[in-house]
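S.K.: Heads up: the sequence lines are chains A and B, in that order.
Its first residue numbered 1, the first sequence is counted upward by one per residue in UniProt numbering.
Its first residue numbered 1, the second sequence is counted upward by one per residue in UniProt numbering.
Don't be surprised by glycine CBs; every beta carbon is placed ideally from N, CA and C.
There are 2 protein chains.
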Amino acid sequence: MTQPGLPPLQHIQSLPSWLVGRVAAKGRGLVAEALAEEGLKLMQHAVLAATAEYGPVAQAELGRRLEVDPKDMVMLLNHLQGMGLVTRSPDPSDRRKNAVTVTAEGLEVLARCAVLAERANEELLGVLGEEEKAQLMRLLGRVYGPGAAG
Amino acid sequence: MTQPGLPPLQHIQSLPSWLVGRVAAKGRGLVAEALAEEGLKLMQHAVLAATAEYGPVAQAELGRRLEVDPKDMVMLLNHLQGMGLVTRSPDPSDRRKNAVTVTAEGLEVLARCAVLAERANEELLGVLGEEEKAQLMRLLGRVYGPGAAG
DNA sequence: CATATATCAGCGAGACTGACATAT
DNA sequence: CATATGTCAGTCTCGCTGATATAT
Numbered sequence: 001m002t003q004p005g006l007p008p009l010q011h012i013q014s015l016p017s018w019l020v021g022r023v024a025a026k027g028r029g030l031v032a033e034a035l036a037e038e039g040l041k042l043m044q045h046a047v048l049a050a051t052a053e054y055g056p057v058a059q060a061e062l063g064r065r066l067e068v069d070p071k072d073m074v075m076l077l078n079h080l081q082g083m084g085l086v087t088r089s090p091d092p093s094d095r096r097k098n099a100v101t102v103t104a105e106g107l108e109v110l111a112r113c114a115v116l117a118e119r120a121n122e123e124l125l126g127v128l129g130e131e132e133k134a135q136l137m138r139l140l141g142r143v144y145g146p147g148a149a150g
Numbered sequence: 001m002t003q004p005g006l007p008p009l010q011h012i013q014s015l016p017s018w019l020v021g022r023v024a025a026k027g028r029g030l031v032a033e034a035l036a037e038e039g040l041k042l043m044q045h046a047v048l049a050a051t052a053e054y055g056p057v058a059q060a061e062l063g064r065r066l067e068v069d070p071k072d073m074v075m076l077l078n079h080l081q082g083m084g085l086v087t088r089s090p091d092p093s094d095r096r097k098n099a100v101t102v103t104a105e106g107l108e109v110l111a112r113c114a115v116l117a118e119r120a121n122e123e124l125l126g127v128l129g130e131e132e133k134a135q136l137m138r139l140l141g142r143v144y145g146p147g148a149a150g
C-alpha cells in the first residue's frame with residue numbers, strides 16, 4: 001500500500017475532510033456576508049450569542065463554550081463592548097473574573113442577526129429537503145462528538 | 001420576528017454552518033497532524049495531489065481546480081519545488097504558462113500521504129458506519145454543488 | 001488594445017505562543 | 001506555593017487585495 005508509483009489519491013477531493021472543509025468555507029462565506037449587514041464578524045456574533053444565552057458569564061467560560069482561545073476573547077469583547085453590545089463588570093464572587101452581560105442593544109442586534117444567519121443557512125442547505133437537512137445535522141453532530149445536534 | 005427581547009438563537013451551535021465549521025476544523029487538525037509526518041502542509045499536499053492527477057498543468061489551472069488563489073500558488077509551488085516534489089518548466093505551446101509536473105519523489109511522498117490522510121479521515125468519521133459515511137458524503141456533495149461526491 | 005499568466009508585497013481574520021499581573 | 005483569570009505582544013496559516021512584468 002505504500003508502494004510508489006500507484007495512482008495516489010484519485011483526488012483529495014474525495015476525502016471527507018476536504019469536502020467538509022469546502023462546505024464549511026462556503027457556509028462561512030455566506031454567514032459572514034449576512035452578518036456584515038449588522039457590522040459583526042463571525043466570531044463576534046458567536047461570542048455575542050453565547051453571552052446572551054449563558055447570561056452573565058466569565059470570559060474564560062465563553063472561550064470554553066465556543067472553543068475560542070481566552071486570549072482572543074479579550075479583543076473580541078473589546079470590540080463588542082466598544083459597540084455597546086456587551087458590558088464587562090467585576091464578578092463579586094470571584095474577583096479574578098469579568099462578568100460579561102448583553103446590553104439591550106446587543107439583544108436587538110442579535111435578534112436581527114438570527115434572521116440573517118438563518119437565511120444564510122437556508123441558502124447553504126437550500127438543495128436539501130427538510131428531512132435531509134436533519135439527517136446531515138445528525139451525522140455531523142455525531143462526528144463532532146461534544147453535545148451539538150439538531 | 002425582528003422584535004427585540006426574544007430568545008435570540010437558542011445557540012449558534014445549532015446552526016448548520018457552525019456545526020460544519022467545527023467538524024471541518026477537527027478534520028483539518030487530524031489531517032494536518034498526519035501530513036506533518038511527511039513535512040507537508042494541507043494546501044501543499046492538495047497541490048501536490050492535484051499536480052499528480054492532472055499531469056503537467058499550469059499554475060492557474062491548479063488554482064482553479066483547488067479553489068486556491070493563483071497568487072498563493074506561487075509560494076506553495078516554491079515550497080514543493082524546493083522539496084524536490086514538483087518541477088516547473090515553461091510551456092512551449094503558451095509561454096505565459098509554467099508546466100508543473102510531479103517528480104518521482106513527489107509520487108512516493110504522495111503515496112505515503114494517501115495512507116496517512118485516509119487514516120486521519122477514518123479517525124474523523126470513526127463513529128459512523130460505512131453506510132452513514134457514504135450518506136454524509138452524498139449530502140455534503142450536494143450542498144457543495146461542484147462535482148464532488150463519494 | 002484587452003486578456004491571461006505568473007510574481008511580489010501587503011492586509012485581515014483565525015488559531016496559536018509566550019510573558020505578565022492579579023486573585024484564589 | 002500552585003492554579004485560574006484576564007491582558008498584552010507577537011507568530012503563522014489562509015484567503016484575500018493591489019501593482020507589476022510578460023506573453024497572447
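DSSP state of residue 93 of chain A, grouped into three classes?
M.R.: Your numbering for residue 93 of chain A matches position 93 in the first sequence. Residue state, collapsed to three classes: coil.
S.K.: Could you check the C-alpha separation between residue 126 of chain A and residue 143 of chain B for me, to the nearest Å?
M.R.: Along the first sequence, one-based indexing puts residue 126 of chain A at 126. Along the second sequence, one-based indexing puts residue 143 of chain B at 143. Rounded to whole angstroms, residue 126 of chain A to residue 143 of chain B spans 8 Å at the Cα level.
S.K.: Are the region 8-25 of chain A and the region 78-92 of chain A in contact at 8 Å, needing three or more beta carbon pairs?
M.R.: Segments in contact, no.
S.K.: Count the other CB atoms within 10 Å of the CB of residue 41 of chain B; is the residue buried (16 or more) or exposed (fewer)?
M.R.: What you label residue 41 of chain B is simply residue 41 of the second sequence in a count that begins at 1. Exposed, by the Cβ-count rule.
S.K.: I want to check one thing, is the minimum distance from the CB of residue 22 of chain B to the heavy atoms of the ligand ZN below 7 Å?
M.R.: By its list of ligands, the structure shown contains no ligand whatsoever, and the ligand ZN lies outside what it can speak to.
S.K.: Assign residue 75 of chain A to buried or exposed, taking buried as 16 or more other Cβ atoms, counted over all protein chains shown, within 10 Å of its Cβ.
M.R.: Indexing the first sequence from 1 puts residue 75 of chain A at position 75. Classification of residue 75 of chain A: exposed, given that the 10 Å Cβ count is below 16.
S.K.: If we call anything under 8 Å between Cβ atoms a contact, is residue 120 of chain A one with residue 17 of chain B?
M.R.: Reading the first sequence from its first residue, position 120 is the one you call residue 120 of chain A. Reading the second sequence from its first residue, position 17 is the one you call residue 17 of chain B. Taking 8 Å as the Cβ cut-off, residue 120 of chain A and residue 17 of chain B qualify as a contacting pair.
S.K.: Kindly say whether residue 21 of chain B, judged by its beta-carbon, lies nearer than 8 Å to any beta-carbon of chain A.
M.R.: Your numbering for residue 21 of chain B matches position 21 in the second sequence. By this cut-off, residue 21 of chain B is an interface position.
S.K.: Closest to residue 79 of chain B by C-alpha separation, out of B:56, B:21, B:30 and B:46, would be which residue?
M.R.: Here residue 79 of chain B is taken as the residue at index 79 of the second sequence, counted from 1. Out of B:56, B:21, B:30 and B:46, B:46 has the C-alpha closest to the C-alpha of residue 79 of chain B.
S.K.: What is the rounded straight-line gap between the Cα of residue 84 of chain A and the Cα of residue 71 of chain A?
M.R.: As a first step, residue 84 of chain A must be located in the first sequence, where it is residue number 84. As a first step, residue 71 of chain A must be located in the first sequence, where it is residue number 71. When rounded, the distance between both Cα atoms is 21 Å.
S.K.: Residue 81 of chain A: which of A:62, A:44 and A:66 sits nearest, CA to CA?
M.R.: Locating residue 81 of chain A in the first sequence gives position 81, counting from the first residue. The candidate whose alpha carbon is nearest that of residue 81 of chain A is A:44.
S.K.: So within the UniProt domain "HTH marR-type" (13-145) of chain A, which uninterrupted beta strand (DSSP E) runs reach at least 3 residues, ignoring any that extend past its ends?
M.R.: For the UniProt domain "HTH marR-type" (13-145) of chain A, whole beta strand (DSSP E) runs of length 3 or above, ordered along the chain, are 86-90 and 98-102.
S.K.: Let me confirm a value: residue 64 of chain B is counted as buried when at least 16 other C-beta atoms fall within 10 Å, else exposed. Which label applies?
M.R.: Position 64 of the second sequence, counting from 1, holds the residue named residue 64 of chain B. Per the 10 Å Cβ criterion, exposed.
S.K.: For residue 44 of chain A, decide whether its Cβ has a neighbour in chain B, counting only Cβ atoms nearer than 8 Å.
M.R.: Taking the first residue of the first sequence as 1, we reach residue 44 of chain A at position 44. Chain B contact via Cβ: absent.
S.K.: Taking its Cβ as the centre, do 16 or more other Cβ atoms sit within 10 Å of residue 130 of chain A, making it buried, or is it exposed?
M.R.: For the purposes of this step, residue 130 of chain A is taken as the residue at position 130 of the first sequence. Exposed, by the Cβ-count rule.
S.K.: Roughly how many angstroms lie between the CA atoms of residue 134 of chain B and residue 124 of chain B, to the nearest whole one?
M.R.: If you number the second sequence from 1, residue 134 of chain B lands on position 134. If you number the second sequence from 1, residue 124 of chain B lands on position 124. Taking the straight line from one Cα to the other gives about 14 Å.
S.K.: Within 10 Å of its beta-carbon, does residue 117 of chain B have 16 or more other beta-carbons around it, so buried, or fewer, so exposed?
M.R.: Here residue 117 of chain B refers to the residue found at position 117 of the second sequence. With 16 or more Cβ atoms within 10 Å of its Cβ, residue 117 of chain B is classed as buried.
S.K.: Counting pairs of beta carbons, one from the region 47-55 of chain B and one from the region 19-38 of chain B, are three or more of them closer than 8 Å?
M.R.: They do not touch, by the three-pair rule.
S.K.: Would you tell me roughly how many angstroms separate the C-alpha atoms of residue 23 of chain A and residue 140 of chain B, rounded to the nearest one?
M.R.: Position 23 of the first sequence, counted from the start, is the residue given in the question as residue 23 of chain A. Position 140 of the second sequence, counted from the start, is the residue given in the question as residue 140 of chain B. Approximately 7 Å between the Cα atoms of the pair.
S.K.: Can you say whether residue 108 of chain A is buried or exposed, counting buried as having 16 or more other CB atoms within 10 angstroms of its CB?
M.R.: By 1-based counting over the first sequence, the position of residue 108 of chain A is 108. It counts as buried.
S.K.: Leaving out five residues on either side along the sequence, give the residues of the same chain with a beta carbon under 8 Å from the beta carbon of residue 19 of chain B.
M.R.: By one-based count along the second sequence, residue 19 of chain B stands at place 19. Only 13 meet the Cβ criterion.
S.K.: Do residue 48 of chain A and residue 102 of chain A have their C-beta atoms within less than 8 Å of each other?
M.R.: The residue given as residue 48 of chain A occupies position 48 in the first sequence. The residue given as residue 102 of chain A occupies position 102 in the first sequence. In this structure, residue 102 of chain A lies closer than 8 Å to residue 48 of chain A by Cβ.
S.K.: Let me confirm a value: residue 100 of chain B is counted as buried when at least 16 other C-beta atoms fall within 10 Å, else exposed. Which label applies?
M.R.: As a working mapping, residue 100 of chain B is identified with position 100 in the second sequence. Counting Cβ neighbours within 10 Å, residue 100 of chain B comes out buried, since at least 16 surround it.
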